[in-house]
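*Asks:*
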Amino acid sequence: MGFFAKNNRVAPGIFALLATVGLPALGLAQGLDELHKLALKEGGTLAFYATLAQVNAEKILPVFEKRFPGIKINHVDATSDKLVARAVTEARGGKTLADVLQVPLENVTQAHDQGLLLDTNLPEAAEYPAGLKGAYWTSSDLQYFVAAWNTNLVKKEEEPKTFDDFVHPRWKGRLIAEPRDLEMLLAFAKYKFKSDEKAIDYWKKVAANNVEFHKGHSQLAELLVAGQAAVCLTCYSHHYPSRIKKGAPVNYMLSEGVASINATAIFKGAPHPNTALLFARWVASQEGQKVMSQGGRNPAHPKVEPTEKTRTDKTYFITAADLKEFPKYDKIWKEIFKLR
Amino acid sequence: MATAAIPRTGKMTMSLEPALLIPVIGAGILVYLAVLPLLMLFVGSFQAEVAPREFVYTLKNYHAAYASEYTYSTFLNSLIFASGSAGLSFILGTMLAWLTERTNTPLRSIFVPLAVVPLILPGVLESIAWIFLLSPKFGYLNVWLMSLFGLQSPPFNVFSLPGMIWVHSVGQVPLAFLLMVAAFKSMDPSLEESAMMSGANTWQTFRRVTLRLLMPTAGSVLLILFVRTLESFETPALIGIPARIYVYTSEIYLAFNEYPPDYGRGGALAVGLLLLSAVGVWLYTRATKEGKKFQTVTGKAFRPRQFDLGGWRWAGFGFLSGYFLFVVLLPFLVLFWASFLPFFAAPSWDAVSKLSLDNYRYLSGFRPFWDAMQNSIILSTLTATVAMVLTSLVAWIVYKSRLPGSWILDFLAFVPITIPGIVMGMALILLYVAFPIPIYGTIWVLLIAYVTRFIPYGMRAASGSILQIHSELEEAAAASGASWWESFKRVTLPLLRPGLAAGWIYICIVSFREFSTSVLLATGESRVLSILLFTMFEQGQVTVVAAIGVLMIATLLSIVAVFYKLTGKIGIQT
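If you read the sequences in order, they're chains A and B.
Once you know that position 187 of the first sequence is 1585 in this note's numbering, the rest is easy, because the numbers rise by one and skip nothing.
Once you know that position 510 of the second sequence is 780 in this note's numbering, the rest is easy, because the numbers rise by one and skip nothing.
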């Protein structure tokens, strides 16, 4: 797959870290429980800017709060670009209000470009393959973009088998997608078709079926359940098992999909640096990753399996190196679908 | 907090006399609340970020805001949205007002309170309810009409400009209704009577006398509806943005909430919107003041006559009940129904079997909901209290003290009415994010924002009551040796109480449902209910959102119940 071999950035050493921030002086070498004691001295709250959906957050965050009594997570949830915009705004006023950022890697990079993030080298990250960590981030989980459909609106015999099915005109006016999911184009160009032309041609044919766009993947899932469209082209696989359990008329396709990285990072000048470090280390640890998995996410830790069936059989991984090409594919994606 | 930045008045020794000190403090507070943020906004609109946190002064923000490829479409959308909504809510409001005030339509009196009910439905919920009803694919009305008439395509699409106009208009009808009721009430009926005497029938009289008499008022009502639509952000956020129909308020919002945030362009757009709104309000006040000049102030107590609609009165009744059922009741019902569903589904036997109290059970243990509820309640009561205390002082100075320059206070207290909510939010971010006192991100910024925005409402309530108090009562207190403060506390304040209570409740309601300022300022711990609704709706938890909506409406209804109990009438304070 080539995924785990990509990123070969050299993580800065602990001395560099000490020199630049003079922060959690002992934090990295300590166990989580010692760090917990330091964290409690900071007031016992964590400002957590994360896109973690409410349905996942309410299963994951209380486990942390129970494991480390006295610490309350203040989860600020919004779409990823809003969260980064908010952090940038706060930085403009010379303030850092947030401790931890947990959003798609693309948005973590944006925050880094603005000079907002701390270089970290978490001991827990050692167990991760090179492609799942960087100088200032560690992957928290992976998300799989898959196709999902409303079972009332898609007959059993017309259920899609692969993404190739969606060029068929029978899907005209029946498709929805997220306007910002250029990852689909990028991954298809680089890993599915291994050709920009073929990928562009594919998505143009899909575009001819009049795709309707809605922002936010959770909302897309809910629209699909409500019957706004027959098929969602760029939905997250982890949104579906819980809905199907509730009896929602939906199903999803795991034959192929695109995977992208969600990452955790710590803000420079975080108001609660030890608490931030405690959370970042916990969520990267095998223990934290198991909780992520039980909370319905796809763990990034190589030794932890997802609880639900959410990994695709054939997966096109978006790597950290691919991020550089986002602007190029973003432009093409918007042109294909006439998005602003 | 607010009092922290009162400007030093120079020689304090000169006047420890409160009657002189208080106007200065009052002006200081008003300048701080209303003028300082606008100044920051103005400065910010000329700044551009060349590297992270490095700014230069430039005009290019205005170029980006008003000469981009989207300038024209945004302008056109805003114009269509605002004039369409102003027109539609005016027509509906006038119909309701005329039928209930001036005709013999059966049961008209029960429709008066019903027409005002939507006033308590927060704009965010109004939009959500109509999405449930008119969404092209799953909207109940569409699904129902399609199956009823065997239609191939949905008859309505809420995600369109007409959809936005409809949703915003129905939320604004109560305002148009109240303004038009006031107009109909103050109309001299003798002119209509003369027309009838001269042989004109009901329709001719209505068309040629009543309508023409209404023209000047109608103009100013349309203008205020236009401005209020231009400033609104609920419908543009919930329907406009998903439909990719952008107006000024959504452009400002997106400038702040998309990466990279562009304060310069947002600021330039906000300055433009502020100017538009200020011009609108100025024209409105001018028009209403001119109108008074031509009023025939006679001593005779007249009672507007009622038109006999004959058989048509049943058509009037049909219109009123249809309006009530479809426009007032249906949105409530659809929210109520959806709040019991596990996920959004059309009414069916299958769906009925899925109904449960799960969403409410979920909310009972859902911390963000209780935090937001607490914030909303604290904020709305505090805002109402602070605003009423402040404005009763200011109103007293303006109307009673006869101090030179007190008109400045009156003017300053009026300034916030021209500031659109989203512009206020943006200005306060620019001001407080770099403020030495760390209140950014807390509910105190929201308190400052709400108090500032609702000062004009408070002024309206307070000045109305203060003008009614004859100064001889205060003079008597002074003659009996009471100090200024004692006289204010023991004479003026008790007399003001009923008027202030009405103002207090009204500000409480508008603060509780406030959205367009909060959307930029509320974050994490300072999140209020309307913002929680918005985020959760964006996240797709639509049925939980419906349950929150039901609880929110219940809270507002209890506030209104208190209001009725205290004042026994519905008033107009816009």
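All C-beta atoms in this analysis are idealised placements derived from N, C-alpha and C, irrespective of residue type, glycine included.
Can you tell me where the beta strand (DSSP E) with residue 644 of chain B in it begins and where it stops?
*Replies:* From DSSP, residue 644 of chain B is part of no beta strand (DSSP E) but of the alpha helix (DSSP H) over 637-666.
*Asks:* Using CA coordinates, which residue listed in B:768, B:746, B:703 and B:750 is at the minimum distance from residue 1484 of chain A?
*Replies:* It is B:703.
*Asks:* Have a look at residue 1664 of chain A and residue 323 of chain B and give me their C-alpha separation to the nearest angstrom.
*Replies:* If I take the Cα positions, the gap works out to 19 Å.
*Asks:* With C-beta atoms as the reference, is residue 475 of chain B less than 8 Å away from residue 465 of chain B?
*Replies:* Contact flag set, yes.
*Asks:* With a threshold of 7 Å on Cβ separation, who are the neighbours of residue 1430 of chain A within its own chain once the five nearest residues in sequence on each side are excluded?
*Replies:* Same-chain partners within the cutoff: 1676, 1679 and 1680.
*Asks:* Below 8 Å, how does it come out for the region 813-826 of chain B and the region 609-626 of chain B: are there three or more Cβ pairs, yes or no?
*Replies:* Result yes; three or more Cβ-Cβ pairs closer than 8 Å.
*Asks:* Nearest-angstrom Cα distance between residue 1718 of chain A and residue 1661 of chain A?
*Replies:* One C-alpha to the other measures close to 11 Å.
*Asks:* Taking buried to mean at least 16 other C-beta atoms within 10 Å of its own C-beta, is residue 689 of chain B buried or exposed?
*Replies:* By the 10 Å Cβ count, residue 689 of chain B comes out buried.
*Asks:* So with CB distances below 8 Å, who are the chain B contacts of residue 1616 of chain A?
*Replies:* Near residue 1616 of chain A (Cβ distances below 8 Å), the residues of chain B are 808, 809, 810 and 811.
*Asks:* Identify whether residue 1474 of chain A lies in helix, strand or coil by the three-state DSSP scheme.
*Replies:* Reduced to three states, the DSSP call for residue 1474 of chain A is strand.
*Asks:* How would you write the range of the alpha helix (DSSP H) that residue 386 of chain B sits in, first residue to last?
*Replies:* Taken as a continuous stretch (DSSP letters only), the alpha helix (DSSP H) holding residue 386 of chain B covers 378-386.
*Asks:* Which chain A residues sit within Cβ distance under 7 Å of residue 795 of chain B?
*Replies:* Correct list: 1472.
*Asks:* Quick one: list the residues of chain A neighbouring residue 907 of chain B, beta-carbon separation under 9 Å, in chain order.
*Replies:* As shown, chain B starts at 271 and ends at 844. That puts residue 907 of chain B outside it, with no answer to give.
*Asks:* How should residue 585 of chain B be labelled, buried or exposed, when 16 other C-beta atoms within 10 angstroms of its C-beta is the threshold for buried?
*Replies:* The residue in question, residue 585 of chain B, is exposed, as its Cβ has fewer than 16 Cβ neighbours within 10 Å.
*Asks:* Does residue 1500 of chain A come out as helix, strand or coil in the three-state DSSP assignment?
*Replies:* Strand at residue 1500 of chain A.
*Asks:* Looking at chain A, is there any beta carbon in it that lies within less than 8 Å of the beta carbon of residue 263 of chain B?
*Replies:* Residue 263 of chain B cannot be examined here, being either before or after the span of chain B that is shown, 271 to 844.
*Asks:* Given residue 1434 of chain A, which residues of its chain have a CB within under 7 Å of its CB, disregarding the five upstream and five downstream residues?
*Replies:* Around residue 1434 of chain A: 1466 and 1676.
*Asks:* Using the Cβ count rule (16 or more neighbours within 10 Å means buried), how would you classify residue 790 of chain B?
*Replies:* Buried, since its Cβ has 16 or more Cβ neighbours within 10 Å.
*Asks:* Determine the burial state of residue 745 of chain B: buried for a count of at least 16 other Cβ atoms within 10 Å of its Cβ, exposed for fewer.
*Replies:* Classification of residue 745 of chain B: exposed, given that the 10 Å Cβ count is below 16.
*Asks:* Quick one: what does DSSP say residue 444 of chain B is sitting in, helix, strand or coil?
*Replies:* Looking at residue 444 of chain B - three-state DSSP - the assignment turns out to be helix.
*Asks:* Taking buried to mean at least 16 other C-beta atoms within 10 Å of its own C-beta, is residue 1684 of chain A buried or exposed?
*Replies:* Result: exposed.
*Asks:* Pick from B:720, B:370 and B:375: whose alpha carbon is nearest that of residue 386 of chain B?
*Replies:* It is B:370.
*Asks:* Provide the residue span of the alpha helix (DSSP H) that contains residue 1712 of chain A, from first to last.
*Replies:* Unbroken run through residue 1712 of chain A is the beta strand (DSSP E), 1712-1715; no alpha helix (DSSP H).
*Asks:* Taking only the alpha-carbon atoms, compute the straight-line gap between residue 605 of chain B and residue 527 of chain B and give it to the nearest angstrom.
*Replies:* About 28 Å.
*Asks:* Mind checking whether residue 443 of chain B and residue 362 of chain B have CB atoms under 8 Å apart?
*Replies:* In contact: residue 443 of chain B and residue 362 of chain B (Cβ atoms closer than 8 Å).
*Asks:* Which same chain residues, not among the five before or five after residue 399 of chain B, have their C-beta less than 6 Å away from its C-beta?
*Replies:* Hits under 6 Å: 601, 604 and 605.
*Asks:* Using the beta-carbon of each residue, which ones in chain A are nearer than 8 Å to residue 805 of chain B?
*Replies:* Residues of chain A passing the Cβ test: 1475 and 1476.
*Asks:* Taking residue 323 of chain B as the query, report the chain A residues whose CB atoms sit under 7 Å from its CB, ordered along the chain.
*Replies:* The contacting residues are 1489 and 1490.
*Asks:* Going by CA-CA distance only, name the one from A:1698, A:1569, A:1612 and A:1445 that's closest to residue 1659 of chain A.
*Replies:* It is A:1698.
*Asks:* Report back the beta-carbon spacing between residue 374 of chain B and residue 578 of chain B to the nearest angstrom; my notes put them in contact at under 8 Å.
*Replies:* Confirmed, about 6 Å.
*Asks:* Chain B beta carbons: is any one of them nearer than 8 Å to that of residue 1528 of chain A?
*Replies:* Residue 1528 of chain A does not count as touching chain B.
*Asks:* Checking contacts by CB at 8 Å: is residue 1508 of chain A closer than that to chain B?
*Replies:* Closer than 8 Å: yes.
*Asks:* Using a Cβ-Cβ cut-off of 6 Å (strictly less than) and excluding sequence neighbours within five positions of residue 415 of chain B, which residues of its own chain qualify?
*Replies:* Excluding positions up to five away in sequence, the list reads 425.
*Asks:* List the whole-angstrom C-beta distance separating residue 1703 of chain A from residue 1694 of chain A, where the pair is believed to meet the contact cut-off of C-beta under 8 Å.
*Replies:* The pair is not a contact, with the Cβ atoms about 13 Å apart (cut-off 8 Å).
*Asks:* Check the Cβ of residue 845 of chain B against every Cβ in chain A and list those closer than 8 Å, keeping chain order.
*Replies:* Past the edges of chain B, shown from 271 to 844, lies residue 845 of chain B, and the structure says nothing about it.
*Asks:* Unbroken beta strand (DSSP E) runs of length 3 or more, entirely within the region 307-376 of chain B: which are they?
*Replies:* Runs of the beta strand (DSSP E) inside the region 307-376 of chain B: 317-321 and 324-327.
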